[in-house]
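First residue of the sequence shown: 937, per our numbering; consecutive thereafter. For each residue, glycine too, the CB sits at the ideal point set by N, CA and C. Inspection log for the structure reproduced underneath, given as structure tokens.
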Amino acid sequence: MIEAADLKEADVALQLALKYCALYPTTAAQVSSNSTIKVQGQMPARKRRRRR
937 MIEAADLKEA DVALQLALKY CALYPTTAAQ VSSNSTIKVQ GQMPARKRRR
987 RR
């Protein structure tokens with residue numbers, strides 16, 4: 937079950953869940969509604985400002 941404030945947020949959550957199922961099929965089969973999954977992401981480093 938996906939709970940979201942708007943349709944766009946729900947669609948993004950569904951896409952993330954489908955991607956997780958594709959990458960980790962054995963782990964995804966063990967997930968229940970009471971499970972807690974931590975998702976980690978990486979953001980690119982900020983470009984440094986050149987000083988004059």
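Handout entry: Through-space distance from P980 to V967, alpha-carbon basis
Key = The sequence position of residue 967 within the sequence shown is 31, counting from 1. The sequence position of residue 980 within the sequence shown is 44, counting from 1. Distance from the CA of V967 to the CA of P980, rounded to the nearest whole angstrom, comes to 30 Å.
Exercise for the section: Express the C-alpha separation of L959 and Q978 in angstroms, rounding to a whole number. Expected result: In the sequence shown, counting from the first residue as 1, residue 978 sits at position 42. In the sequence shown, counting from the first residue as 1, residue 959 sits at position 23. Cα to Cα, the separation comes out at about 17 Å.
Problem - Opening and closing residue of the alpha helix (DSSP H) in which Q951 lies - result: Looking up residue 951 in the sequence shown gives position 15. In this chain, the alpha helix (DSSP H) harbouring Q951 covers 943-959.
Handout entry: Which listed residue (A953, R988, K944) has its alpha carbon closest to that of K974
Key = For the purposes of this step, residue 974 is taken as residue 38 along the sequence shown, with counting starting at 1. Minimum Cα distance to K974 is reached at A953.
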